[in-house]
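Protein sequences appear in the order of chains W and C. Numbered according to my numbering, the first sequence spans residues 1 to 142. Numbered according to my numbering, the second sequence spans residues 143 to 284. Using N, Cα and C, we set each Cβ at its ideal position, and we do this for glycine too. As structure tokens, the structure follows; a few thoughts come after it.
Protein chains: 2
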Amino acid sequence: MTPTLSQMICFALYSANHAMQRVYAPLLSELGLTYPQYLVLLSLWQEDGQTVGALGRALQLESNTLTPLLKRMEAQGLVTRTRDSADERQVRVTLTAAGLALQAQAEPLSACIFDRCALPPEQLAALRDAVTALRDQLRPDV
Amino acid sequence: MTPTLSQMICFALYSANHAMQRVYAPLLSELGLTYPQYLVLLSLWQEDGQTVGALGRALQLESNTLTPLLKRMEAQGLVTRTRDSADERQVRVTLTAAGLALQAQAEPLSACIFDRCALPPEQLAALRDAVTALRDQLRPDV
DNA sequence: TGCGATCCAATCGTGTGCGATTTAATCAAG
DNA sequence: CTTGATTAAATCGCACACGATTGGATCGCA
């Protein structure tokens, strides 16, 4: 028997992800950011100067997605993209002053989202860990 | 303090959703379907002849996403799109024989995905319900 | 009955995601 | 050295998502 839409874990993840993006979008828009651009910045604030490949591993995206996205961020003056002199195949992505400065402006966001979730911290952390574990289970080998 | 990427529930949902789509994609590709098209079919197999608006409420998508998607499915011969004669503003989406027939072919999919999740049914259902509850919490009013 | 407000779908432009391929740089084995 | 294999990014084409707007159809109320 074919299950209903709402019974499926895939649709739960699909629709929850979109709902989350819809909460973030208007807030990020004030900073001139899209949702994936914000995720890239989160990763760079954590560790600046990552290569495209390293960002891809962190965000679980390929260069065919990241390259145009990073070019738009470079055009906005948030990052610079420079070939690694030791290995010219790699491109390092480095925050500009403007990209660094956004961290302060984005800082209140996570608390705002946390409130919106309306869950005790432990429950939210448990949910996050369960979702992450499922994700890692679904990923090929690694 | 800015949290790390992996600490954020938003990234857990984002990456888990993508991981799920990456599991489905090659299987659906054999049926000539994309992931959102499969979700539309799930909804139509549950209730045929829904309007674009009703499908949008079920899938939580707007007409600007659904209309082109449904046109592609119509071009593939999976559904028909007809204006409701009682209210010409509405468009009813109805399964063709081919669209109905796909249900049998897609039937093994959900079990296949379930195995991939490698979780006991109760745990998977609990996770699904928690994700769904969070999604509904994030949705505006309703 | 008329006419403005509302509702539904469609259209348009932009930004992802991703399969498939290409280009350039590095590595490895002889 | 050199040449074939591997690796890293970029490119291309297509299918979503979605904000903003448009065009018809229906509704509500004087």
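Exercise. Note down the Cα distance separating residue 133 (chain W) from residue 104 (chain W), rounded to an integer number of angstroms.
Key: As a working note, residue 133 (chain W) is residue 133 in the first sequence. As a working note, residue 104 (chain W) is residue 104 in the first sequence. If I take the Cα positions, the gap works out to 30 Å.
Quiz item: Near residue 226 (chain C), which residues of its chain fall below 8 Å by C-beta distance, leaving aside the five closest residues on each side in sequence?
Solution: Position 84 of the second sequence holds residue 226 (chain C). Around residue 226 (chain C): 193, 232, 233, 234.
Practice problem: Label residue 265 (chain C) either buried or exposed according to how many other C-beta atoms from any shown protein chain fall within 10 Å of its C-beta, with 16 as the threshold for buried. | Solution: Taking the second sequence and counting its residues from 1, one reaches residue 265 (chain C) at position 123. Counting Cβ neighbours within 10 Å, residue 265 (chain C) comes out exposed, since fewer than 16 surround it.
Quiz item: According to the neighbour-count rule (16 or more other Cβ atoms, all chains shown, within 10 Å of its Cβ), is residue 99 (chain W) buried or exposed?
Solution: Taking the first sequence and counting its residues from 1, one reaches residue 99 (chain W) at position 99. It counts as buried.
Quiz item: Listing by chain order, which chain W residues have their CB less than 8 Å from the CB of residue 259 (chain C)?
Solution: As a working note, residue 259 (chain C) is residue 117 in the second sequence. What residue 259 (chain C) touches in chain W: 9, 134, 137, 138.
Quiz prompt | beta strand (DSSP E) segment containing residue 94 (chain W), residue limits | solution = Along the first sequence, one-based indexing puts residue 94 (chain W) at 94. That run of the beta strand (DSSP E) goes 91-95.
Quiz item: What are the uninterrupted segments assigned as alpha helix (DSSP H) that are 4 or more residues long and contained completely in the stretch 205-252 of chain C, given in chain order?
Solution: The stretch 205-252 of chain C is shown to contain whole alpha helix (DSSP H) runs of 4 or more residues at 205-217, in chain order.
Quiz item: Does the beta carbon of residue 227 (chain C) sit closer than 8 Å to a beta carbon anywhere in chain W?
Solution: In the second sequence, residue 227 (chain C) corresponds to position 85, counting from 1. It does not: the Cβ of residue 227 (chain C) has no partner Cβ on chain W nearer than 8 Å.
Practice problem: Output the boundary residues of the alpha helix (DSSP H) element that contains residue 179 (chain C). | Solution: Position 37 of the second sequence, counted from the start, is the residue given in the question as residue 179 (chain C). First-last of the alpha helix (DSSP H) with residue 179 (chain C): 177-188.
Quiz item: Which of the three DSSP states, helix, strand or coil, is assigned to residue 51 (chain W)?
Solution: Against the first sequence, residue 51 (chain W) aligns to sequence position 51. The answer is strand: DSSP assigns residue 51 (chain W) an E or B state.
Quiz item: Run through DSSP, which three-state label would residue 2 (chain W) get?
Solution: Locating residue 2 (chain W) in the first sequence gives position 2, where the first residue counts as 1. Residue 2 (chain W) falls in the coil class under three-state DSSP.
Practice problem: Mind listing the chain W neighbours of residue 168 (chain C)? Cutoff is C-beta to C-beta under 8 Å, in chain order. | Solution: Reading the second sequence from its first residue, position 26 is the one you call residue 168 (chain C). In chain order: nothing, as chain W lies at least about 11 Å away.
Quiz item: CB-CB under 7 Å to residue 208 (chain C), same chain, minus the five flanking residues each way: which ones, in chain order?
Solution: Stepping through the second sequence from its first residue, residue 208 (chain C) is reached at position 66. Cβ within range, chain order: 194, 197, 198.
Quiz item: From residue 124 (chain C) to residue 23 (chain W), what does the alpha carbon distance come to, in whole angstroms?
Solution: Here chain C covers residues 143 to 284 and nothing more, so residue 124 (chain C) does not appear.
Quiz item: Comparing the C-beta of residue 162 (chain C) with each C-beta of chain W, is any distance below 8 Å?
Solution: Within the second sequence, numbered from 1, the residue matching residue 162 (chain C) stands at position 20. Closer than 8 Å to some Cβ of chain W, the Cβ of residue 162 (chain C) qualifies, so yes.
Quiz item: Who are the Cβ neighbours of residue 39 (chain W) in its own chain at under 7 Å, not counting the five residues just before and after it?
Solution: As a position in the first sequence, residue 39 (chain W) is number 39, starting the count at 1. Excluding positions up to five away in sequence, the list reads 59.
Quiz item: What three-state label does DSSP hand residue 121 (chain W) in the structure shown?
Solution: Counting from one through the first sequence, the residue named residue 121 (chain W) turns up at place 121. Correct three-state label for residue 121 (chain W): helix.
Practice problem: Return the chain-ordered list of same chain residues with a C-beta closer than 7 Å to the C-beta of residue 48 (chain W), the five sequence neighbours on each side being excluded. | Solution: Here the question's residue 48 (chain W) lines up with position 48 in the first sequence. Closer than 7 Å at the Cβ level, and outside the excluded window around residue 48 (chain W), lie 94, 95.
Quiz item: Thinking C-alpha only, which one of C:260, C:273, C:187 is nearest residue 3 (chain W)?
Solution: Working through the first sequence from its first residue, we reach residue 3 (chain W) at position 3. Comparing Cα-Cα distances from residue 3 (chain W) to each of C:260, C:273, C:187, the minimum goes to C:187.
Self-check item: DSSP three-state assignment for residue 139 (chain W), whether helix, strand or coil
Solution: Sequence index remark: in the first sequence, residue 139 (chain W) carries index 139 (1-based). Here residue 139 (chain W) sits in coil by DSSP.
Quiz item: How about residue 157 (chain C) and residue 135 (chain W): are their beta carbons less than 8 Å apart?
Solution: Looking up residue 157 (chain C) in the second sequence gives position 15. Looking up residue 135 (chain W) in the first sequence gives position 135. For residue 157 (chain C) and residue 135 (chain W), yes; Cβs fall inside 8 Å.
Exercise. Please report the Cβ distance between residue 154 (chain C) and residue 131 (chain W), rounded to the nearest whole angstrom; I am assuming they are in contact, meaning their Cβ atoms lie under 8 Å.
Key: Translated into positions along the second sequence, residue 154 (chain C) becomes position 12. Translated into positions along the first sequence, residue 131 (chain W) becomes position 131. So it is a contact: roughly 4 Å between Cβ atoms.
Quiz prompt | residue 280 (chain C) beta carbon less than 8 Å from that of residue 128 (chain W) | solution = Position 128 of the first sequence, counted from the first residue, corresponds to residue 128 (chain W). Position 138 of the second sequence, counted from the first residue, corresponds to residue 280 (chain C). Not in contact: residue 128 (chain W) and residue 280 (chain C) (Cβ atoms no closer than 8 Å).
Exercise. Use the C-beta contact count for residue 17 (chain W): other C-beta atoms within 10 angstroms, 16 or more gives buried, fewer gives exposed.
Key: Position 17 of the first sequence, counted from the start, is the residue given in the question as residue 17 (chain W). Classification of residue 17 (chain W): buried, given that the 10 Å Cβ count is 16 or more.
Quiz prompt | Within chain C, partners of residue 128 (chain W) - CB distance below 8 Å | solution = Taking the first sequence and counting its residues from 1, the one referred to as residue 128 (chain W) is at position 128. Going along chain C in sequence order, the residues near residue 128 (chain W) (Cβ under 8 Å) are 149, 150, 151, 154.
Practice problem: Tell me whether residue 203 (chain C) sits in a helix, a strand or coil according to DSSP, three-state version. | Solution: In the second sequence, the residue the question calls residue 203 (chain C) occupies position 61. In the structure shown, residue 203 (chain C) sits in coil (DSSP, three-state: anything other than H, G, I, E or B).
Quiz item: In chain W, what lies closer than 9 Å to residue 209 (chain C) by C-beta?
Solution: As a working note, residue 209 (chain C) is residue 67 in the second sequence. The contacting residues do not exist; residue 209 (chain C) stays about 17 Å from chain W at best.
Exercise. Using a Cβ cut-off of 8 Å (strictly closer), state whether residue 206 (chain C) contacts chain W.
Key: Position 64 of the second sequence, counting from 1, holds the residue named residue 206 (chain C). It does not: the Cβ of residue 206 (chain C) has no partner Cβ on chain W nearer than 8 Å.
Practice problem: Inspect the beta-carbon positions of residue 79 (chain W) and residue 70 (chain W) and report whether they are closer than 8 Å. | Solution: For the purposes of this step, residue 79 (chain W) is taken as the residue at position 79 of the first sequence. For the purposes of this step, residue 70 (chain W) is taken as the residue at position 70 of the first sequence. Yes, they are a contact pair.
Quiz item: Just how far apart, CA to CA, sit residue 107 (chain W) and residue 21 (chain W)?
Solution: The residue given as residue 107 (chain W) occupies position 107 in the first sequence. The residue given as residue 21 (chain W) occupies position 21 in the first sequence. Answer to the nearest angstrom: the Cα atoms are 17 Å apart.
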